[in-house]
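This note's numbering numbers the first residue of the sequence shown as 10 and each following residue consecutively. Structure first, then comments.
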Amino acid sequence: MNSTVSNDNNPSATLSFSDGSPSVTMPIYKGTIGPDVIDIRKLYGQSGKFTYDPGFLSTAACNSSITYIDGDIGKLLYRGYPIEQIAVNCDFLETCYLILHGELPNKSQRDDFVHRVTSHTMVHEQMSTFFRGFRRDSHPMAVLVAVVGAMSAFYADSSDVNDPQQRAISAIRLIAKLPTLVAMTYKYSIGQPFVYPSNDLSYSANFMRMMFSNPCEEYKSNDVLVRALDRILILHADHEQNASTSTVRLAGSSGANPFACIAAGVACLWGPAHGGANEAALNMLIDIQNNGGVEKIGEFIADVKNKNSGTKLMGFGHRVYKNYDPRAKLMRETCHEVLNELGLHDSPLFKLAMALEKIALEDEYFVKRQLYPNVDFYSGIVQSALGIPVPLFTAIFAMARTVGWIAQWNEMISDPEQKIGRPRQLFVGATERDVKPIAQR
Ligand code: ACO
């Protein structure tokens, strides 16, 4: 089989087959930026053949105008704005507005949006009894998957996916309530009472207070630390069609309600190859630290390069970035700020991370495979310095990504070309056969 691409004004690709089947011509579309795509939707109807692309290495599963990544040069744009500019000029809620609505808010739009989010921060009181069914030592993501899914049992009045008004309310509810649910998950795990949200604080300051205040001691917020958390949230807010976002889209393509779809996204994010990597990266650093520290980096790198060891350098590598992850640069900067503020700049873990990064960036194994640090390499160190316990890291990621998930979900529902997601397969199992009576099997 081979294909040719035409050069005319209506570009197309023609696929010819070595088995003599008639060739098929398919249109090629241009995005505003990024690679062109070949529209293969009619391929099966015209040729009786599917395409094969496990892991979606060459497949655009939708069109989207939210986030753009150029992995070769390490660029990330939210609605056209570079992440480097957003990270220094906007706070998380402005970023949410941008991702949801396509434009940065002006002052009155911003105030109105902040008001709408803060007036939805509290969760239904009955949700606190729901928490009591969990073991206190449950993994926070196990609890989060369940409580986010349970939101559909509490907020059925914003579950009609065909009503744009209800979709907008569910978006606000999810963005507003995720921090409350994540903080409740933490408080439950340590046996402390839940702390109610405080609506005169910023999104991130409120979250830190719900995490670290208790009835005997009010949390004293620190601007550097609050800004660091806000930056973590901005950097994780959306990342186009990654595994969890695609999960949300696939779940939503059946018409499932938004809370159920976001719960599906939380479940997918949990995996160590995705959102679980920040937890895995910090655990890896702690492990190396406990087993000889900087001296042992050489041994560790050799282990990573040995394919039989199953060891990966967590926080390195990315399906799309074949260059330094732009979020990792910003997170590295935040890491310095936070450790300076806390007088932890000589922290052995940070020094170890810097040494490991330097060695890996020079090592032929990583250079050849274009493996660079991703955002999770540094976000774990920052979160740890903020006092966030390691098992909660992925839940913080989920809190940040909720806006991306809901914006992508909303974009999909509003797309007139939207269809239920239904991949096909290359079947390699047994062909039809007869069931034998049990005595003959
Ligand atoms: N350590 C060592 N080797 C690696 C790593 C790593 N972290 N990542 C990739 N490789 C190797 C692979 O073994 C493979 O080698 P080979 O060509 O000799 O077989 C090659 O690099 C290509 O890697 P793939 O696994 O094919 O790349 P893929 O795009 O499928 O995987 C992934 C990307 C899952 C992120 C991978 O790099 C990884 O597991 N990294 C560690 C986990 C991590 O940090 N995940 C966070 C992603 S960012 C995020 O979710 C916010």
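Even glycine gets a Cβ: it sits at the ideal position worked out from N, Cα and C.
Can you tell me the Cα-Cα spacing of Ala269 and Glu371, whole angstroms?
-> 44 Å
Below 6 Å from a heavy atom of the ligand ACO - residues by beta-carbon = Ala282, His283, Gly284, Ala286, Val313, Lys321, Leu322, Met323, Gly324, Phe325, Gly326, His327, Arg328, Arg378, Leu380, Asn383, Val384 and Asp385
Given a threshold of 16 other Cβ atoms within 10 Å of its Cβ, counted over all protein chains shown, does Gly438 qualify as buried or as exposed?
-> exposed
Can you give me the Cβ contacts of Met10 inside the same chain, cut-off strictly under 8 Å, excluding the 5 residues immediately before and after it?
-> Reliability fails at Met10, whose pLDDT of 44 lies under 50, so the model's placement of it is uncertain and no value is given.
Contact check, Leu380 vs Phe325 under 8 Å by CB: the rounded distance?
-> 5 Å
Cα-Cα, which of Thr189, Leu353, Ala165 and Gly430 is closest to Ser179?
-> Ala165
Leaving out five residues on either side along the sequence, give the residues of the same chain with a beta carbon under 8 Å from the beta carbon of Ser32.
-> Shown here for Ser32: same chain residues with a beta carbon closer than 8 Å to its own, the five before and five after excluded, namely Thr23, Leu24, Ser25 and Phe26 in chain order.
Tell me where the beta strand (DSSP E) around Met408 begins and ends.
-> First-last for Met408: Phe402 to Ser423, but that is the alpha helix (DSSP H), not the beta strand (DSSP E).
Using a Cβ-Cβ distance under 9 Å, would Leu244 count as near chain D?
-> Any reference to chain D falls outside this structure, which holds one protein chain only.
Could you tell me if Ser67 is buried or exposed, where buried requires 16 or more neighbouring beta carbons within 10 angstroms of its beta carbon?
-> Classification for Ser67: exposed.
Under 9 Å between C-beta atoms of Leu322 and Val399 = Going by beta carbons, Leu322 and Val399 fall outside the 9 Å limit.
Same chain, Cβ closer than 8 Å to Asn332, five either side skipped, listed in chain order | Gly80, Asp81, Ile82, Gly83, Gln379 and Tyr381
In terms of DSSP beta bridges, what is Asn223 paired with?
-> Glu226
With 16 other CB atoms within 10 Å as the buried threshold, where does Thr127 fall?
-> Counting Cβ neighbours within 10 Å, Thr127 comes out buried, since at least 16 surround it.
Please classify Arg88: is it buried, with 16 or more other beta-carbons within 10 angstroms of its beta-carbon, or exposed?
-> buried
Contact set for Ser12: own chain, Cβ-Cβ below 6 Å, skip 5 residues either direction | Summary for Ser12: the model assigns pLDDT 44, below 50, so the residue's position carries little reliability, and this model does not support an answer.
Could you give the DSSP three-state label for Ile92: helix, strand or coil?
-> helix
Taking just the CA atoms, how far does Ala282 sit from Asn300?
-> 24 Å
Coil, strand or helix - Val33 by DSSP | strand
Would you give the residue range spanned by the alpha helix (DSSP H) that Asp232 belongs to?
-> Segment Asp232 to Leu244, the alpha helix (DSSP H) holding Asp232.
In this structure, does DSSP put Thr23 in helix, strand or coil?
-> Thr23: strand per DSSP, three-state reduction.
Could you tell me the boundaries of the beta strand (DSSP E) in which Ile78 lies?
-> Going by DSSP, Ile78 is part of the beta strand (DSSP E) stretching over Thr76 to Asp79.
Does the stretch 235-250 come close enough to the stretch 91-106 that 3 or more CB-CB pairs lie under 8 Å?
-> yes
So what's Lys84 in DSSP terms, helix, strand or just coil?
-> strand
Sorted by chain position, which residues of the same chain lie with C-beta nearer than 6 Å to Asp239's C-beta, five sequence neighbours on each side aside?
-> Excluding sequence positions up to five before and after Asp239, its CB lies within less than 6 Å of the CB of Asp100, Phe101 and Ser213, all in the same chain and listed in chain order.
Please report how far the alpha carbon of Gly54 lies from the alpha carbon of Lys314, in whole angstroms.
-> 45 Å
On the three-pair Cβ rule with 8 Å, is the stretch 101-114 touching the stretch 130-138?
-> no
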